[in-house]
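A.B. asks:
In my numbering, the protein residues as written are 398 to 829.
So, in structure tokens, the structure goes:
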């Protein structure tokens, strides 16, 4: 818009509509010619500010005066304005100045250009994706297997051979098994075993003995059975007790409080409907109050830095048994061996994955139902020769007569529900 016209519009207080701005722009670009005959008489604005979109009504006489006063404006814009359809009286604060409107129009044009470019890029991307989707399914599977093989080589793990059972491939349609992540999950758990390694602690415990710990473990198994808790709950609680005793010195009067608090924490972590705190107070025969339980719970969690996702031997045992499709009776026998080892302080320093592998291998030998093949070597990371000494120690544990105060585990696995595996005789001669 010419400077003279803009000044007169501002002085008169008459903002121009957006259509007028576009006409001015077209004239400036040479797309049209001015037509003074289409200009309508301009109305003089009211002195006081009025609301937007309200046309000020004046006397006809004053309108004529205003139109004669604005005639020079028409003559000065004869070569620049093509047409103005209508002009309404608005407040100057409601409508932006002409220059800003022209800038907005140019910005809109630039935005449209950018949007068009983005649409073209999106179309190209869709074409590339559609072409990639046309790859053969077999080629995709081969690509995935090659990537997995490279990843295993980087981690020091040999890829699965043709004669091995790939349990994760068999469960690929079961999302509950997480088949695409299962191998990495257990590799990660095995890697974390070093963070939760238990060291012998009875030398620093002045009032505790290994037999006291065995009695506590036997009582915790009984609690797990009476409350019908998961086996993971029991194994996690035992691990919490050992980790706490490794760091903190306690007296024998608080040993049961430690075991009950560990079971309470583990149940809240693993169970859908954990027992209430009052239930644990009751099974302790009201020897400890609510405040003592809460304090011990805090102390245990601080000791482990609130990290409850620790590796457990029971989880490794289920994984290994599933890899070779072991029978339920064989798995239950392995569980019996593993659970009985919780009573023995000598096994607290053994890694969880190795203890589970040795328990399953001993169960195979006692049942004559399997062997430690290439599949188990792949998924466990242990060879039978590496497990030989540990298997002998577990078998000696079975041969040893049970203490009269430590009968819960044997009684539990003598039931028909557990296939009476506790009655299976141990090996007299162990040959690997």
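Cβ atoms here follow ideal geometry from the backbone N, Cα and C, with glycine treated the same way.
These figures come from a predicted structure and were not determined experimentally.
Just the C-alpha distance for residue 605 and residue 593, rounded to the nearest angstrom, thanks.
C.D. replies: Whole-angstrom Cα-Cα distance: 22 Å.
A.B. asks: With 16 as the cutoff for other CB atoms within 10 Å, does residue 478 come out buried or exposed?
C.D. replies: Here residue 478 scores only 45 on pLDDT, less than 50, and its place in the model should not be relied on; the value that follows carries that caveat. By the 10 Å Cβ count, residue 478 comes out buried.
A.B. asks: Taking only heavy atoms of the ligand FAD into account, decide whether any of them is closer than 7 Å to the Cβ of residue 511.
C.D. replies: Questions concerning the ligand FAD fall outside what the structure shown contains, since it holds no ligand whatsoever.
A.B. asks: With a Cβ-Cβ cutoff of 8 Å, do residue 754 and residue 734 count as a contact?
C.D. replies: It is not a contact, given that the beta carbons lie outside the stated cut-off.
A.B. asks: Between the alpha carbons of residue 761 and residue 793, how many angstroms are there, rounded?
C.D. replies: Approximately 16 Å, taken between the alpha carbons.
A.B. asks: How big is the Cα-Cα spacing for residue 643 and residue 595?
C.D. replies: Those two C-alpha atoms are separated by around 7 Å.
A.B. asks: Pull up the distance between the alpha-carbon of residue 690 and that of residue 749, whole angstroms please.
C.D. replies: For residue 690 and residue 749, the distance between alpha carbons rounds to 28 Å.
A.B. asks: Report the three-state DSSP secondary structure of residue 796 (helix, strand or coil).
C.D. replies: Note: residue 796 maps to helix in three-state DSSP.
A.B. asks: Mapping the DSSP letters down to three states, classify residue 608 as helix, strand or coil.
C.D. replies: Of the three classes helix, strand and coil, the one that applies to residue 608 here is helix, per DSSP.
A.B. asks: Run the CB neighbour count on residue 585, radius 10 Å, all protein chains shown included, and call it buried at 16 or more, exposed below.
C.D. replies: Exposed: under 16 other Cβ atoms inside 10 Å.
A.B. asks: If we count the other Cβ atoms within 10 Å of its Cβ and call it buried at 16 or more, is residue 820 buried or exposed?
C.D. replies: With fewer than 16 other Cβ atoms within 10 Å, it is exposed.
A.B. asks: Just to confirm my understanding: we take residue 561, look at its own chain, exclude 5 residues before and 5 after, and list those with CB closer than 7 Å. What are they?
C.D. replies: For residue 561, where only same-chain residues beyond five positions count, the Cβ hits under 7 Å are 771, 772, 775.
A.B. asks: Suppose contacts are defined by Cβ-Cβ distances below 8 Å. Is residue 632 in contact with residue 709 by that definition?
C.D. replies: Their beta carbons are under 8 Å apart, which means residue 632 touches residue 709 by this criterion.
A.B. asks: Roughly how many angstroms separate the alpha carbons of residue 598 and residue 692, rounded to a whole number?
C.D. replies: Rounded to whole angstroms, residue 598 to residue 692 spans 22 Å at the Cα level.
A.B. asks: Report buried or exposed for residue 703, applying the criterion of at least 16 other Cβ atoms within 10 angstroms of its Cβ.
C.D. replies: Exposed, since its Cβ has fewer than 16 Cβ neighbours within 10 Å.
A.B. asks: Between residue 570 and residue 579, is the Cβ-Cβ spacing less than 8 Å?
C.D. replies: Contact flag unset, no.
A.B. asks: Between residue 725 and the rest of its own chain, which residues show a CB-CB distance below 8 Å, the 5 nearest in sequence each way excluded?
C.D. replies: Cβ neighbours of residue 725 beyond the five flanking positions: 816.
A.B. asks: Could you check which residue in 826, 583, 666, 630 has the C-alpha nearest to that of residue 759?
C.D. replies: With distances taken between Cα atoms, residue 759 lies closest to 826.
A.B. asks: Count the other CB atoms within 10 Å of the CB of residue 636; is the residue buried (16 or more) or exposed (fewer)?
C.D. replies: Classification of residue 636: buried, given that the 10 Å Cβ count is 16 or more.
A.B. asks: What are the start and end residues of each continuous beta strand (DSSP E) run of 3 or more residues lying completely inside the stretch 677-752, in chain order?
C.D. replies: Runs found: none.
A.B. asks: If I follow the unbroken alpha helix (DSSP H) through residue 628, where does it start and stop?
C.D. replies: Its alpha helix (DSSP H) spans residues 628-644.
A.B. asks: Please list the terminal residues of the continuous alpha helix (DSSP H) segment that includes residue 774.
C.D. replies: Run containing residue 774: 771-777, per the alpha helix (DSSP H) assignment.
A.B. asks: Kindly give me the distance between the Cβ atoms of residue 806 and residue 740, rounded to whole angstroms, as I take these residues to be in contact under 8 Å.
C.D. replies: Residue 806 to residue 740, Cβ: 7 Å. Contact.
A.B. asks: Assess, as a yes-or-no matter, whether the stretch 666-683 is touched by the stretch 712-728 under the definition of 3 or more beta carbon pairs within less than 8 Å.
C.D. replies: Short answer: they don't touch.
A.B. asks: Residue 565 lies in the alpha helix (DSSP H); which residues open and close that run?
C.D. replies: Unbroken alpha helix (DSSP H) run through residue 565: 564-567.
A.B. asks: Within 10 Å of its beta-carbon, does residue 782 have 16 or more other beta-carbons around it, so buried, or fewer, so exposed?
C.D. replies: So residue 782 ends up on the exposed side.
A.B. asks: Got a sec? Which residues, its chain only, sit under 8 Å from residue 612 by beta carbon, not counting five neighbours each side?
C.D. replies: Same-chain partners within the cutoff: 802, 803.
A.B. asks: Can you tell me whether residue 815 is helix, strand or coil according to DSSP?
C.D. replies: Helix, per DSSP.
A.B. asks: Applying the 10 Å Cβ sphere with the 16-neighbour rule, what's the burial state of residue 582?
C.D. replies: So residue 582 ends up on the exposed side.
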